[in-house]
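With the working numbering applied, the sequence shown closes on residue 372, and no number is skipped along the way.
Quick reminder that beta carbons are idealized off the backbone N, C-alpha and C, glycines included.
These figures come from a predicted structure and were not determined experimentally.
Here the structure is laid out as structure tokens; the discussion comes afterwards.
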Amino acid sequence: QAKRDGRACFRVFNAALDARMRRRRRLEVDLRAALAAGTGLELAYQPLFATQGEQLVAFEALVRWQHPEMGYLQPADFLDVAEESGLIVPLGEWVLEEACTSLRATPDISLAVNLSPAELGSEQCVPRILAVLERTGFDPARLQLEVTEHTILDLRLAVERLRALRDAGIKIVLDDFGTGYSSLSHLQRLAIDKVKIDRSFVQDFLNFDESRAIVRAIARLGRSLGVSVTAEGVETEEQRTFLRRLGCEELQGFLLSRPLSTSDAIALLQCRSEQSASIGGLSAAPS
Ligand code: C2E
Ligand code: MG
Ligand code: MG
Ligand code: MG
């Protein structure tokens, strides 16, 4: 009996593994096709707001995939397949080109784009990014590339490439800050403009003294190194108040805004600039 159970169990396990592998293979084939055809992939744009004054300062481009049968896929559903198959390189290039094209005509705000390990590791990483900027006419000074410590597989190469990007005027952001193993040494070796505190600390800090201490330490560290500090995953008013008090310069999270479609993002920009124009008009009026 036990033996029979064992065999049945193995069959179930095997079938599950098989289904997983088929799904991965399928995603890889379909993603390659989507990239070739230029259909199904989309970007969502999540705003970043200045903590003081609350103006819109940037949009972070986040990839989505409207799969013909599997539905609306999030990055977590397909990025690992993209990463392992190498498709992340053309996918990343598509994301950058699409975002630069959509936001080219909105000169007042920055654009943040995520860079994965395989992208930063690829030989042509720097010239490819610069070529997209060239093609789209997007101002490099408005581009922020978000890398995580997991992105940095080879520190020497990363230092070199990020420096080259920075020399071209691009800003470098250390994303998910605090979740890696060697944040402090990376911060010192890499030319970083900004750190983004990982949302796990932000979301824990009302319950855990340690998370609060970590967030406070990162904010202080940023200040003393002259690196600007952002927080992601802000979901509550209490979190916002705490982060503001610590001197975090920018905030991002569902409390402020969910990721938006391209048209909603551009509408938000327009309504913001009309607002600030009317405020400007008021203050310019004679008193
Ligand atoms: P990330 O760069 O840390 O992006 C933030 C993620 O947190 C986004 O998830 C966003 O929707 C989510 N988020 C934002 N505010 C909140 C909040 O208040 N609460 C919670 N619970 N979540 C919040 P998303 O879009 O699923 O992206 C997940 C990750 O996938 C990103 O993490 C990024 O590492 C990666 N990613 C997304 N788009 C791209 C891309 O085009 N290229 C590369 N290489 N990676 C990407
Ligand atoms: Mg990011
Ligand atoms: Mg992040
Ligand atoms: Mg994150």
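{"Item": "So which of Ser187, Glu139 and Leu126 has the shortest CA-CA distance to tyrosine 157?", "Value": "Leu126"}
{"Item": "Ligand 2 and asparagine 292: does any heavy atom of the ligand fall closer than 6 Å to the residue's C-beta?", "Value": "no"}
{"Item": "Is the closest heavy atom of ligand 1 to the C-beta of aspartate 396 under 6 Å?", "Value": "The chain is shown only over 86 to 372; residue 396 falls outside these bounds and no answer can be derived."}
{"Item": "Taking only the alpha-carbon atoms, compute the straight-line gap between leucine 269 and leucine 176 and give it to the nearest angstrom.", "Value": "30 Å"}
{"Item": "Could you tell me if the beta carbon of serine 207 falls within a distance shorter than 6 Å of some heavy atom in ligand 5?", "Value": "Ligand 5 is not among the ligands present in this structure, which contains only ligand 1, ligand 2, ligand 3 and ligand 4."}
{"Item": "Identify, in the order they occur along the chain, each residue of the same chain with its Cβ nearer than 7 Å to the Cβ of cysteine 210, setting aside the five sequence neighbours on each side.", "Value": "Glu204 and Arg246"}
{"Item": "Would phenylalanine 144 and leucine 196 qualify as a contact pair, given that the criterion is a beta-carbon distance under 7 Å?", "Value": "yes"}
{"Item": "Can you give me the C-alpha to C-alpha distance between lysine 256 and arginine 357, rounded to a whole angstrom?", "Value": "24 Å"}
{"Item": "Once you ignore the five residues that flank valine 174 on each side, which residues in its own chain have a CB closer than 7 Å to its CB?", "Value": "Ala203, Glu204 and Ser207"}
{"Item": "With 16 other CB atoms within 10 Å as the buried threshold, where does glycine 366 fall?", "Value": "Low confidence applies to glycine 366: its pLDDT is 44, below 50, so where it sits in the model is not reliable enough to give any reading."}
{"Item": "Starting from glutamate 335, follow its DSSP beta bridges and name the residues at the other end.", "Value": "Ala135 and Thr315"}
{"Item": "Helix, strand or coil: which one does DSSP assign to serine 368?", "Value": "Model confidence at serine 368 stands at a pLDDT of 41, short of 50, so the residue's coordinates are unreliable and nothing is read from them."}
{"Item": "Less than 7 Å between the beta carbons of cysteine 185 and phenylalanine 223, yes or no?", "Value": "yes"}
{"Item": "From which residue to which residue does the alpha helix (DSSP H) around glutamate 204 run?", "Value": "202–206"}
{"Item": "Roughly how far, in whole angstroms, is the beta-carbon of glycine 265 from the beta-carbon of glutamate 234, given that I think they are within contact range, below 8 Å?", "Value": "3 Å"}
{"Item": "Would the C-beta of proline 160 count as close to ligand 1, meaning under 6 Å from any of its heavy atoms?", "Value": "yes"}
{"Item": "Please tell me whether, using a cut-off of 6 Å, the distance from the CB of asparagine 99 to the nearest non-hydrogen atom of ligand 1 is below it.", "Value": "no"}
{"Item": "Given a cut-off of 7 Å on the beta-carbon distance, is the pair glutamate 323 and leucine 291 in contact?", "Value": "yes"}
{"Item": "How about valine 280 and phenylalanine 262: do their beta carbons lie closer than 7 Å?", "Value": "yes"}
{"Item": "Classify glutamine 137 as buried or exposed, calling it buried when 16 or more other Cβ atoms lie within 10 Å of its own Cβ.", "Value": "exposed"}
{"Item": "Looking at the unbroken beta strand (DSSP E) that takes in leucine 230, where does it start and where does it end?", "Value": "228–232"}
{"Item": "Considering only residues of the same chain and omitting the five flanking positions on each side of leucine 116, which have a CB-CB separation below 8 Å?", "Value": "Trp150, Phe163, Val166, Ala167, Ser170, Leu172 and Leu176"}
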